[in-house]
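Trainee: Count the sequence shown with my numbering and you get residues 150 to 675, in order.
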Amino acid sequence: MYILRRVDFPLTQLIFNYLGSSIKLAMRSTVTRSLSKATRARKGCISLRRFSLTTGSHKLVETEKQRDGEQNHTSTNRESGDKSAILHSRLDTKPPTIVSSNGNYLIAEGGQEILDASGGAAVACIGHNNSRVNNAIMRQLQSFSYIYAPFFTSKASEKLATLLSESTQNQLSKAFIVSSGTEAIEAALKMARQYFLELPTPEPSRTRFIARRQSYHGNTLGSLSLGGHVGRRAPYAPILTTNVSHVSPCYSYRGKRAEESDEDYVARLAQELEDEFQAVGPSNVCAFVAETVSGTTLGCVPPVPGYLQVMKEVCDRHGALFILDEVMSGMGRCGTLHAWEQESVVPDLQTIAKGLGGGYAPIGALLVNKRVVQALDKGTGAFVHSQTYQGHPVACAAAYEVQKIIKEENLLQNVRSLGDYLGNRLKEQLGDHKHVGDIRGRGFFWGIEFVKDKETKEPFLAEQKIAPLIHKTGLSEYSISFIPGTGVADGKNGDIIQIAPPYNATKADIDLIVERTALVVKRVLG
Numbered sequence: 150m151y152i153l154r155r156v157d158f159p160l161t162q163l164i165f166n167y168l169g170s171s172i173k174l175a176m177r178s179t180v181t182r183s184l185s186k187a188t189r190a191r192k193g194c195i196s197l198r199r200f201s202l203t204t205g206s207h208k209l210v211e212t213e214k215q216r217d218g219e220q221n222h223t224s225t226n227r228e229s230g231d232k233s234a235i236l237h238s239r240l241d242t243k244p245p246t247i248v249s250s251n252g253n254y255l256i257a258e259g260g261q262e263i264l265d266a267s268g269g270a271a272v273a274c275i276g277h278n279n280s281r282v283n284n285a286i287m288r289q290l291q292s293f294s295y296i297y298a299p300f301f302t303s304k305a306s307e308k309l310a311t312l313l314s315e316s317t318q319n320q321l322s323k324a325f326i327v328s329s330g331t332e333a334i335e336a337a338l339k340m341a342r343q344y345f346l347e348l349p350t351p352e353p354s355r356t357r358f359i360a361r362r363q364s365y366h367g368n369t370l371g372s373l374s375l376g377g378h379v380g381r382r383a384p385y386a387p388i389l390t391t392n393v394s395h396v397s398p399c400y401s402y403r404g405k406r407a408e409e410s411d412e413d414y415v416a417r418l419a420q421e422l423e424d425e426f427q428a429v430g431p432s433n434v435c436a437f438v439a440e441t442v443s444g445t446t447l448g449c450v451p452p453v454p455g456y457l458q459v460m461k462e463v464c465d466r467h468g469a470l471f472i473l474d475e476v477m478s479g480m481g482r483c484g485t486l487h488a489w490e491q492e493s494v495v496p497d498l499q500t501i502a503k504g505l506g507g508g509y510a511p512i513g514a515l516l517v518n519k520r521v522v523q524a525l526d527k528g529t530g531a532f533v534h535s536q537t538y539q540g541h542p543v544a545c546a547a548a549y550e551v552q553k554i555i556k557e558e559n560l561l562q563n564v565r566s567l568g569d570y571l572g573n574r575l576k577e578q579l580g581d582h583k584h585v586g587d588i589r590g591r592g593f594f595w596g597i598e599f600v601k602d603k604e605t606k607e608p609f610l611a612e613q614k615i616a617p618l619i620h621k622t623g624l625s626e627y628s629i630s631f632i633p634g635t636g637v638a639d640g641k642n643g644d645i646i647q648i649a650p651p652y653n654a655t656k657a658d659i660d661l662i663v664e665r666t667a668l669v670v671k672r673v674l675g
């Protein structure tokens, strides 16, 4: 079941560092504790009080420490803003230091308890500090921590690969296990190319990929070239590959015309894909790549019924592969282990990551359809790709235990039933807000899109930084964390936040997440 090659991450050190932190945490008396404690934020932080929707500026209220004369570090003084030796995402700000975690909560240095409403980046699918997963990691470490996958295999990696294949009824019959979603995408691109070279009659002209605008597939040069997010691509445009073209995403809120039915909209998108095949030459296309349910750069947008089926029909007509990126939306996040199960379509290649290991170890995988495997088996008999930490046994042991928990505790049913409840509660609390344009999602994967004008759907400008401001306000004043996203409208403008609770969240957890989310949105946008 397991493709033997090599993954790149200093995993063993990460695991020891993780386990070295305290895992003993006093349990909370109730999940619905009063917000007064939650809003005490970090001592000394800036409180964001009012946001101007016309200028995009916000007024700052000094904290007690600042009034006592402590220096306020801002982006104009980056040298002193962050003394950390880590190259953080922003050089003027050091993020909160987390010292422990438990369940739905992260505990920061100083005692702030942060409700993790997004599981980081839709990663912590069974919550934090699960003793079963911790023990599985320790058992593997006590046995052995590392092997070089081209030379050896392990029971942990074999069991995980078998579980993944069986979860697709063996339609995707092999797994190539790596350390991240980006690495899985890179492997998928290479596998797609090699497939056409391994056919009885090779097709070496197939070097092009078609993806979608406002998509995200990773940050390495290959995966970034595949992605269609203008802002993320811009700094590196001169060095991105030129063998990728992009078509419209399936984004009915902004893409579907007023007079169109779902069927008409899908037909138009299919024709656009067909036209792109013809423009670049059908015999030159290696694969079409799409997120089954769009992630951060579009904001939890499920496909219109029938969309993915029709896109695959276009690919099949021209002999191209059909690749689904489920790094964010897969492994149970949308209510089935694989999001494509709800679309009556099976991909040729599939990428997974975040919910695979639940954040307990860096892990991702490429799942390979048996027809692609057969081409390699009858050809060279090898995948010309490998990585040092491929199939890391500790990561595989962690992921296998996470998947066992999801199955044994029937968490996918919980995601389906409470996912509808989460969506309905968000719409009840924020659906009528003048700056909430759309609330969409599936399972425990929901996005809220903010607009300047609800009627025209005019987005806020990127310079106003609405989503980042909502994220910062939630973290500092309401002790809640969600995923902010920008550029959803056109690749530059447009803001969303994503909510992605753990699969074992209760109804009370959902109520608390919705309550705090509504308070944050109303605090920032009125």
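Note that CB positions come from ideal geometry on N, CA and C, so glycine has one too.
Does DSSP put residue 274 in a helix, in a strand, or in coil?
Mentor: As a first step, residue 274 must be located in the sequence shown, where it is residue number 125. Three-state result, residue 274: coil.
Trainee: Do residue 380 and residue 634 have their CB atoms nearer than 8 angstroms?
Mentor: Indexing the sequence shown from 1 puts residue 380 at position 231. Indexing the sequence shown from 1 puts residue 634 at position 485. No; because the gap between Cβ atoms is not below 8 angstroms, this pair is not in contact.
Trainee: Give me the Cα-Cα distance between residue 154 and residue 301, rounded to the nearest whole angstrom.
Mentor: As a position in the sequence shown, residue 154 is number 5, starting the count at 1. As a position in the sequence shown, residue 301 is number 152, starting the count at 1. Because residue 154 sits at a pLDDT of 39, beneath the cut-off of 50, its placement in the model cannot be relied upon, and the point is left open.
Trainee: When the Cα atoms are used, what is the spatial distance from residue 367 to residue 271?
Mentor: Position 218 of the sequence shown, counted from the first residue, corresponds to residue 367. Position 122 of the sequence shown, counted from the first residue, corresponds to residue 271. In a straight line, the C-alpha of residue 367 is about 15 angstroms away from that of residue 271.
Trainee: What do you reckon, are the CB atoms on residue 517 and residue 498 nearer than 8 angstroms?
Mentor: Looking up residue 517 in the sequence shown gives position 368. Looking up residue 498 in the sequence shown gives position 349. Contact flag set, yes.
Trainee: Note down the Cα distance separating residue 671 from residue 612, rounded to an integer number of angstroms.
Mentor: Translated into positions along the sequence shown, residue 671 becomes position 522. Translated into positions along the sequence shown, residue 612 becomes position 463. C-alpha separation (whole angstroms): 20 angstroms.
Trainee: Rounded to whole angstroms, what is the Cα-Cα separation between residue 170 and residue 278?
Mentor: Your numbering for residue 170 matches position 21 in the sequence shown. Your numbering for residue 278 matches position 129 in the sequence shown. At residue 170 the pLDDT is 41, less than 50, meaning the model places this residue with poor confidence; the figure from the coordinates comes in the next sentence. Rounded to the nearest angstrom, the two C-alpha atoms are 11 angstroms apart.
Trainee: What is the DSSP secondary structure of residue 439, counted as helix, strand or coil?
Mentor: Start at 1 with the first residue of the sequence shown, and residue 439 comes out as number 290. Note: residue 439 maps to strand in three-state DSSP.
Trainee: Under 8 angstroms, do residue 547 and residue 282 count as touching if we go by C-beta distance?
Mentor: By one-based count along the sequence shown, residue 547 stands at place 398. By one-based count along the sequence shown, residue 282 stands at place 133. Closer than 8 angstroms, so yes.
Trainee: Does at least one heavy atom of the ligand NAD sit under 7 angstroms from the Cβ of residue 667?
Mentor: This structure does not include the ligand NAD; it has no bound ligands of any sort.
Trainee: Please report how far the alpha carbon of residue 456 lies from the alpha carbon of residue 288, in whole angstroms.
Mentor: As a working note, residue 456 is residue 307 in the sequence shown. As a working note, residue 288 is residue 139 in the sequence shown. One C-alpha to the other measures close to 45 angstroms.
Trainee: Kindly list the residues whose CB is nearer than 7 angstroms to the CB of residue 488, restricted to its own chain and excluding five residues on each side of it in sequence; keep chain order.
Mentor: Working through the sequence shown from its first residue, we reach residue 488 at position 339. 441, 442, 475, 478 and 479.
Trainee: Just to confirm my understanding: we take residue 184, look at its own chain, exclude 5 residues before and 5 after, and list those with CB closer than 6 angstroms. What are they?
Mentor: Residue mapping note: residue 184 aligns to position 35 of the sequence shown, counting from 1. Bear in mind that a pLDDT of 44 at residue 184, under 50, signals an unreliable position, so the number given afterwards is only what the model happens to contain. Correct list: empty, nothing qualifies.
Trainee: Inspect the beta-carbon positions of residue 325 and residue 435 and report whether they are closer than 8 angstroms.
Mentor: Stepping through the sequence shown from its first residue, residue 325 is reached at position 176. Stepping through the sequence shown from its first residue, residue 435 is reached at position 286. Their beta carbons are not under 8 angstroms apart, which means residue 325 does not touch residue 435 by this criterion.
Trainee: As a quick exercise: from 504, 624 and 462, pick the residue whose alpha carbon is nearest that of residue 481.
Mentor: The residue labelled residue 481 in the question sits at position 332 within the sequence shown. The shortest C-alpha separation from residue 481 is found at 504.
Trainee: Among 426, 295 and 485, whose alpha-carbon lies nearest the alpha-carbon of residue 462?
Mentor: Working through the sequence shown from its first residue, we reach residue 462 at position 313. Ranking 426, 295 and 485 by Cα distance to residue 462 puts 426 first.
Trainee: If you follow the beta strand (DSSP E) that residue 591 is part of, which residue opens it and which one closes it?
Mentor: To locate residue 591, count along the sequence shown from 1; it is residue 442. That run of the beta strand (DSSP E) goes 585–591.
Trainee: Is residue 253 helix, strand or coil when you go by DSSP?
Mentor: Here residue 253 is taken as the residue at index 104 of the sequence shown, counted from 1. Correct three-state label for residue 253: coil.
Trainee: Given a threshold of 16 other Cβ atoms within 10 Å of its Cβ, counted over all protein chains shown, does residue 539 qualify as buried or as exposed?
Mentor: By one-based count along the sequence shown, residue 539 stands at place 390. Buried: at least 16 other Cβ atoms inside 10 Å.
Trainee: Can you tell me where the beta strand (DSSP E) holding residue 262 begins and where it ends?
Mentor: As a first step, residue 262 must be located in the sequence shown, where it is residue number 113. Run containing residue 262: 262–265, per the beta strand (DSSP E) assignment.
Trainee: So, with DSSP's three-state summary, where would you put residue 533?
Mentor: Sequence index remark: in the sequence shown, residue 533 carries index 384 (1-based). DSSP places residue 533 in coil when its eight states are reduced to three.
Trainee: What are the complete beta strand (DSSP E) segments, minimum 3 residues, inside the region 456–542?
Mentor: Fully enclosed beta strand (DSSP E) runs of 3 or longer: 470–474, 498–501 and 513–518.
Trainee: Measuring only the C-alpha atoms, how far is residue 512 from residue 566?
Mentor: Position 363 of the sequence shown, counted from the start, is the residue given in the question as residue 512. Position 417 of the sequence shown, counted from the start, is the residue given in the question as residue 566. Rounded to whole angstroms, residue 512 to residue 566 spans 28 angstroms at the Cα level.
Trainee: Would you say residue 451 and residue 591 are within 8 angstroms of each other, going by their C-beta atoms?
Mentor: Looking up residue 451 in the sequence shown gives position 302. Looking up residue 591 in the sequence shown gives position 442. Yes, Cβ-Cβ distance for residue 451 and residue 591 is below 8 angstroms.
Trainee: Measure the C-alpha to C-alpha separation of residue 629 and residue 663 and round it to an integer number of angstroms.
Mentor: Counting from one through the sequence shown, the residue named residue 629 turns up at place 480. Counting from one through the sequence shown, the residue named residue 663 turns up at place 514. Between residue 629 and residue 663, the C-alpha separation is close to 10 angstroms.
Trainee: Near residue 401, which residues of its chain fall below 6 angstroms by C-beta distance, leaving aside the five closest residues on each side in sequence?
Mentor: Indexing the sequence shown from 1 puts residue 401 at position 252. Within the same chain, residue 401 has close Cβ partners 453.
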